[in-house]
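> By UniProt numbering, the letter at position 84 of the sequence shown is numbered 84, and the numbering carries on one by one without gaps.
Below: one structure in structure tokens.
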Amino acid sequence: MSTSRESIAAGGDIDFSVPAELIGHPARSAMLVALLDRHALPMSMLASEAGVSPSTASAHLTKLVEGGLLHVRQQGRHRYYALASRDVADALEALARVSPMRPVRSLRADTRARAMRLARSCYDHLAGHLGVAVMRSLLERGAVRGGDGLHRPERARHDRLSAPGKDIDYELTDSGHALFDELGVRLLTAIDSRKRRRLVAYCVDWTEQRHHLGGTAGAALLSRFEELEWLRRKTKGAPRALTITDAGKRGFAEHFDIDTDTLATTEAAPVTPLHPKR
């Protein structure tokens, strides 16, 4: 997909209709949403996400690849698809902020929606009830400081739902570094591999309307949760949804004081840090 800069350099006008036509089809839209966490998925899973046959999915995926929204790689007998660039992901997230939610009309859709709200990936970090609860825990214990974790639309200057936050500068404190060390999070390695990325960032969670941890720290933390097998990615129905394992229930309770069984019914309130250490 040509960038606006390339279009301008070529002397032409930007043609929004090309990506709009690709994104606008319900099946292709569902596939793109499934790929928003930046993990490559096989055609069979994307067909399931879109609710279409493999042959129909193949035709849609070919259009998305040819249109520059996806790239594909061959691995053995399977072809894996992923978003072509961060620009594509940013464009989809921006569209998500002005798009209505699909109504839930089936048990399968309801189950999927509940799983996505409980715990899911947002790009490469943790979101949903659990993501917000982890952020709240980090703020309460003074591991992260800078804000209270709440999104207030009436006060927001730049922050919007389902988008990286800009209004608040969060930072990881000494106690936060100690907690990451305790959990075995390889933060220095993550920093070296993402030198252009902020250490501590946040997103305004689109289902919770509160902050969850992003940036290098957020990505490293989710990666460690998966290594510890506290979280597992679902293989069917909702690729971005994460399952909390029994080990995860114990781990989140012990290290973050989070009761994962009551997450969906717990109402978050403004945070007052208990130990605001640097």
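Using N, Cα and C, we set each Cβ at its ideal position, and we do this for glycine too.
Please read all numbers here as calculations on a predicted model, not as lab measurements.
Using the beta-carbon count (16 or more within 10 Å), is isoleucine 14 buried or exposed?
Counting Cβ neighbours within 10 Å, isoleucine 14 comes out exposed, since fewer than 16 surround it.
> Excluding the 5 residues flanking alanine 40 on each side, which residues of the same chain have their C-beta closer than 8 Å to its C-beta?
Contacts found: Arg73, Tyr80, Tyr81 and Ala82.
> Once DSSP output is grouped into helix, strand and coil, what is the label at leucine 107?
Annotation note: pLDDT 49 at leucine 107 (below 50); position unreliable, coordinate value reported separately. Of the three classes helix, strand and coil, the one that applies to leucine 107 here is helix, per DSSP.
> To the nearest whole angstrom, what separates the beta carbons of isoleucine 244 and serine 137, a pair I think is in contact under 8 Å?
Their Cβ separation, rounded to whole angstroms, is 15 Å, which puts isoleucine 244 and serine 137 out of contact at 8 Å.
> Please classify glutamate 49 as buried or exposed, where buried requires at least 16 other C-beta atoms within 10 Å of its C-beta.
When all chains shown are included, glutamate 49 counts as buried.
> Note down the Cα distance separating glycine 76 from serine 58, rounded to an integer number of angstroms.
One C-alpha to the other measures close to 17 Å.
> Taking 8 Å as the cut-off, does the region 117-125 touch the region 177-191 (at least 3 CB pairs, one atom from each stretch)?
No, because fewer than three Cβ pairs between the region 177-191 and the region 117-125 fall closer than 8 Å, the two stretches do not touch.
> In whole angstroms, what is the alpha-carbon distance linking glutamate 66 and leucine 231?
So the two alpha carbons sit approximately 35 Å from each other.
> Going by DSSP, name the residue or residues bridged to isoleucine 244.
For isoleucine 244, which the question treats as bridged, DSSP gives the partners Leu231.
> Do you know offhand how far serine 29's Cα is from alanine 163's?
In a straight line, the C-alpha of serine 29 is about 18 Å away from that of alanine 163.
> Taking buried to mean at least 16 other C-beta atoms within 10 Å of its own C-beta, is leucine 32 buried or exposed?
Burial call: buried.
> With 16 as the cutoff for other CB atoms within 10 Å, does glycine 184 come out buried or exposed?
The residue in question, glycine 184, is exposed, as its Cβ has fewer than 16 Cβ neighbours within 10 Å.
> Measure from the alpha carbon of alanine 91 to the alpha carbon of each residue in Ala27, Gly131, Ala20 and His158, then state which is nearest.
Minimum Cα distance to alanine 91 is reached at Ala20.
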